[in-house]
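Student:
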Amino acid sequence: MNVLEQTENTLKQEIAAAVIKASLATEEELPAIILEKPKDKAHGDFASNIAMQLARIAKKAPRQIADDIVANLDQTKASIEKVEIAGPGFINFFMKNDFLGEIIPTILEAGENYGKTNAGNGERVQVEFVSVNPTGDLHLGHARNAAFGDVLCNVLTAAGYQVEREYYINDAGNQIDNLGLSVEARYFQELGEDVQMPEDGYHGQAIIDIAKKIVAEHGNEWTFKEKSERLAFFKEFGLKTSLENIEKDLKDFRVEFDSWFSERSLYKNEKITDALNTLEEGNFTYEKDGAMWFKTTDLGDDKDRVLIKQDGSYTYLTPDIAYHKNKLDRGFDQIINVWGADHHGYIPRMRAAIQALGYPVEKFDVKIIQMVNLFEGGEKVKMSKRTGKAVSLRELMEEVGVDAVRYYFVTRSNDSQLDFDMDLARSQSNDNPIFYVQYAHARICTMLEQAKNKGFADGGEVDASLLTAEKELDLLKKLGEFPQTVADAAEKHTPHKVTQYVFDLATLLHSFYNAEKVLDSENPERTNARIALMKAVRLTLANAMGLIGVTAPEKM
RNA sequence: GUCCCAGUAGCUCAGCUGGAUAGAGCAACAGCCUUCUAAGCUGUGGGUCGCAGGUUCGAAUCCUGCCUGGGACGCCA
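Numbering (my numbering), first residue to last: 14 to 569.
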């Protein structure tokens, strides 16, 4: 717990005590004390709406209640500077600023650990994300999924959860057969033969590259082999190559997984029949039209789903149920799936499956990543996996840069669609918010460098009471909020709160920088305190950027 | 037709476990570089929070209905 939380908790306890003491409510009647941080500084450091909440219980006017509470409040204990009653009955607390002095030493001592908490209590969370079919390259939409998932994992880890990142490889279904057929067609085309691509084949450049690679390594030898033998080879070759490419792209995007889970392993280890047995035992299945159905309508879905088709093969859902059973069997407290918006209709049946398997549905959460609209030359570019017309993650990284792409995707809430302007991103102009944040970090580095060169004292006792300028106090308060912001983002699965935070902190820094001079030989004591403040800001910026997975440059 | 997401400033978006005068970036306008990096700062203008009801001391936030945009509704994956 940091100083800010301590102050807040003490205040809450004192308010509760005052309410009881003023006989406004009994301990049982007392609602949870909520302290909010007012947007307007004129409303103090904390504000409580307790008087309004108690109006009904105490049968008194809110402002009267507020008066009673304030009269019974031990202001010394809660280190309150001033209390005001305002508006319909808000109690505004202005805190003594001495607690702010502890923030700098706390941060400097914690170093790169500042921001970490144990909010998650070591709970085990598995996050499955990206999980793109190995039939082509990663594109723009996948990049958003990857950035979101990765930052979510970073944030969860910082907040004290035990996190495992997993990629589910769909290496067993129809799409892999199509991959084989697509590679075959491209292979013959490479050799100059007029062969049509299959109707539902994969038209991306990646498949052409795979065919070229086969030609380079094997020449035309596969034209003489049996078709089944050839397809089997092309399938495996395509799968292996695609996965290598995907893994490489993700690694360069700074996303690495703890485990890559193969769908095939579910077949091999009879996990699918296990899962089906569990569903049958629970009476969740029935036969109809020569197929086996799953009664998901009993569990909140709008129609029942086929598990085993007439031809005896599984639908996509079936191994996926087995996969989720396997995840839960591994003992995670939470499993989070990050899916594209086009899969949202799949949620009810998966939730049904979790319940049918006998697990609490609360353990299962799906984060839907809304579509990314690509704009280029002022026009919306239609993306299509089928025709392969999409901007690849590789191109994005090369043209825009990893920092900018990651930051941009985690600036917005996952359930808002967003427009990605390729020209703007490419332009590397200062419109790009990542530079704003990085610049704040680089600025501080320059100051600290100057401090060293000019021989200002480094370290030693810092007298934080010398930091009295408004912008200094703003910075200190913001710095103190960081651990709570991270914990909040983790708990609510909203990594963009961290991006929001780092931007706000950068704003305060820039504003401070323009208003006050840090290195002042006329005032060595205050300079010393300000250098310490700058170090604390730099560390916090760097830690936050680390969570987002972007670099914190020392020079720009 | 059913379901999911969105609709907030000219544009892109925050804010949504209800709280005081609704925010930021970009764009527009006016200022700030002999002083630690102007990729910065300061200020101004800009809003029926899609519409209509409801819940209550109080609604951008919760509920209902409707409108608009996007997406999903397969024995594809």
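By construction, the Cβ of each residue, glycine as well, lies at the ideal position given by its N, Cα and C atoms.
1) Could you check the C-alpha separation between Ala-288 and Tyr-327 for me, to the nearest Å?
2) Out of Val-168, Gly-186, Tyr-180 and Ile-227, point me to the one whose CA is closest to Glu-197's CA.
3) Counting C-beta neighbours from all protein chains within 10 Å, is the total for Gln-451 16 or more, i.e. buried, or is it exposed?
4) Determine the direct distance from the alpha carbon of Phe-525 to that of Ala-455, and round the result to whole angstroms.
5) Answer yes or no: do Gly-128 and Val-499 have a C-beta to C-beta separation smaller than 7 Å?
6) How should Gly-154 be labelled, buried or exposed, when 16 other C-beta atoms within 10 angstroms of its C-beta is the threshold for buried?
7) Could you name each continuous alpha helix (DSSP H) segment of 4 residues or more that falls completely within the stretch 454-501, going from the start of the chain to the end?
8) Please work out which residues of its chain come closer than 6 Å, Cβ to Cβ, to Arg-199, disregarding the five sequence neighbours upstream and downstream, and give them in chain order.
9) Rounded to the nearest angstrom, what separates Gly-414 and Gly-559 at their Cα positions?
10) Going by DSSP, which residues form a beta bridge with Ile-382?
11) Using 7 Å as the threshold, is the C-beta distance between Asp-262 and Leu-151 below it?
12) Compute the Euclidean distance between the alpha carbons of Arg-69 and Thr-481, then round it to the nearest angstrom.
13) I need the straight-line Cα distance from Ala-91 to Glu-97, nearest angstrom please.
14) Could you have a look at Phe-59 and say whether DSSP puts it in helix, strand or coil?
15) Taking the Cβ atom as the reference point for each residue, do Val-164 and Thr-170 lie within a distance shorter than 7 Å?
16) Any chance you could list the alpha helix (DSSP H) runs of at least 4 consecutive residues sitting entirely within the stretch 299-368, in chain order?
17) How many Å lie between Asn-22 and Leu-341 at the Cα?
18) Mind checking which residues open and close the alpha helix (DSSP H) that includes Asn-541?
19) Val-145: which of Asp-324, Glu-462 and Val-351 sits nearest, CA to CA?
20) Give me, in chain order, the residues of the same chain whose beta-carbon lies closer than 7 Å to that of His-509; leave out the 5 immediate sequence neighbours on both sides.
21) Over what stretch of residues does the alpha helix (DSSP H) that includes Lys-225 continue unbroken?
22) Roughly how many angstroms lie between the CA atoms of Val-379 and Glu-179, to the nearest whole one?
23) What separation, rounded to the nearest whole angstrom, lies between the Cα atoms of Thr-89 and Arg-407?
24) Is Asn-105 buried or exposed, if buried means 16 or more other CB atoms sit within 10 Å of its CB?
25) Could you check if Arg-539 is buried or exposed, using at least 16 other CB atoms within 10 Å of its CB as the buried criterion?
26) What did DSSP end up calling Asn-105 once you bin it into helix, strand or coil?
27) Contact defined as beta carbons within less than 8 Å: I believe Asp-317 pairs with Thr-309. What is the distance between those atoms, to the nearest angstrom?
28) Please work out which residues of its chain come closer than 7 Å, Cβ to Cβ, to Ala-453, disregarding the five sequence neighbours upstream and downstream, and give them in chain order.
29) Just reading off the alpha helix (DSSP H) that Asp-271 is part of, what are its end residues?
30) Compare the beta carbon distance of Asn-339 and Lys-284 with 7 Å and say whether it is the shorter of the two.
31) Grab the span of the beta strand (DSSP E) containing Ala-99 for me, first residue to last.
32) Note down, in chain order, each residue of its chain lying with its Cβ closer than 6 Å to the Cβ of Gly-135, except the 5 sequence neighbours on either side.
33) When the Cα of Met-384 is compared with those of Ser-534, Gly-390, Lys-395 and Gly-232, which residue comes out closest?
34) Work out the CA separation of Leu-192 and Glu-234 for me, nearest whole Å.
35) On the CB-based measure, 16 or more other CB atoms within 10 Å of its CB, does Thr-130 come out buried or exposed?
36) Is it the case that the Cβ atoms of Lys-376 and Gln-347 are separated by a distance below 7 Å?
Tutor: On the basis of the supplied data:
1) In a straight line, the C-alpha of Ala-288 is about 12 Å away from that of Tyr-327.
2) Closest in C-alpha terms to Glu-197, from the list Val-168, Gly-186, Tyr-180 and Ile-227, comes Ile-227.
3) Here Gln-451 is buried: its Cβ has 16 or more other Cβ atoms, across all protein chains shown, within 10 Å.
4) Rounded to the nearest angstrom, the two C-alpha atoms are 15 Å apart.
5) In this structure, Gly-128 places its C-beta atom within 7 Å of the C-beta atom of Val-499.
6) Gly-154 counts as buried, since at least 16 other C-beta atoms from the protein chains shown sit within 10 angstroms of its C-beta.
7) You should have found no qualifying run.
8) Setting aside the 5 residues that flank it on each side, Arg-199 is surrounded in the same chain by Ile-220, Ile-221 and Ala-224, each with a C-beta closer than 6 Å to its C-beta; the list follows chain order.
9) Rounded to the nearest whole angstrom, the C-alpha separation of Gly-414 and Gly-559 is 16 Å.
10) Looking at the DSSP output, Ile-382 bridges to Gly-353.
11) Yes; because the gap between Cβ atoms is below 7 Å, this pair is in contact.
12) Looking at the two C-alpha atoms, the distance is approximately 42 Å.
13) Approximately 15 Å between the Cα atoms of the pair.
14) Phe-59: strand per DSSP, three-state reduction.
15) Going by C-beta atoms, Val-164 is not nearer than 7 Å to Thr-170.
16) Listed in chain order, the complete alpha helix (DSSP H) runs (minimum 4 residues) inside the stretch 299-368 are 330-342.
17) Distance from the CA atom of Asn-22 to the CA atom of Leu-341, rounded to whole angstroms, is 36 Å.
18) Where Asn-541 is concerned, the enclosing alpha helix (DSSP H) starts and stops at 537-561.
19) Considering only alpha carbons, the answer is Val-351.
20) Excluding positions up to five away in sequence, the list reads Val-423, Thr-424, Arg-425 and Ser-426.
21) Looking at the DSSP string, the run of the alpha helix (DSSP H) that includes Lys-225 is 218-231.
22) A straight-line Cα-Cα distance of about 14 Å links Val-379 and Glu-179.
23) Those two C-alpha atoms are separated by around 59 Å.
24) Around the beta carbon of Asn-105, 16 or more other beta carbons lie within 10 angstroms, which makes this residue buried.
25) Its Cβ being crowded by 16 or more others within 10 Å, Arg-539 is buried.
26) It is a strand residue.
27) The pair is a contact, with the Cβ atoms about 6 Å apart (cut-off 8 Å).
28) Closer than 7 Å at the Cβ level, and outside the excluded window around Ala-453, lie Ala-519, Leu-522, His-523 and Leu-554.
29) First-last for Asp-271: undefined, no H or E at that position.
30) Cβ atoms of Asn-339 and Lys-284: closer than 7 Å.
31) Looking at the DSSP string, the run of the beta strand (DSSP E) that includes Ala-99 is 93-99.
32) So the qualifying residues of the chain are Gln-175.
33) Here the closest residue by C-alpha is Lys-395.
34) Going from the Cα of Glu-234 to the Cα of Leu-192 covers about 20 Å.
35) A residue is called buried once 16 or more other Cβ atoms fall within 10 Å of its Cβ, and Thr-130 is buried on that count.
36) Result yes, Cβ atoms of Lys-376 and Gln-347 sit closer than 7 Å.
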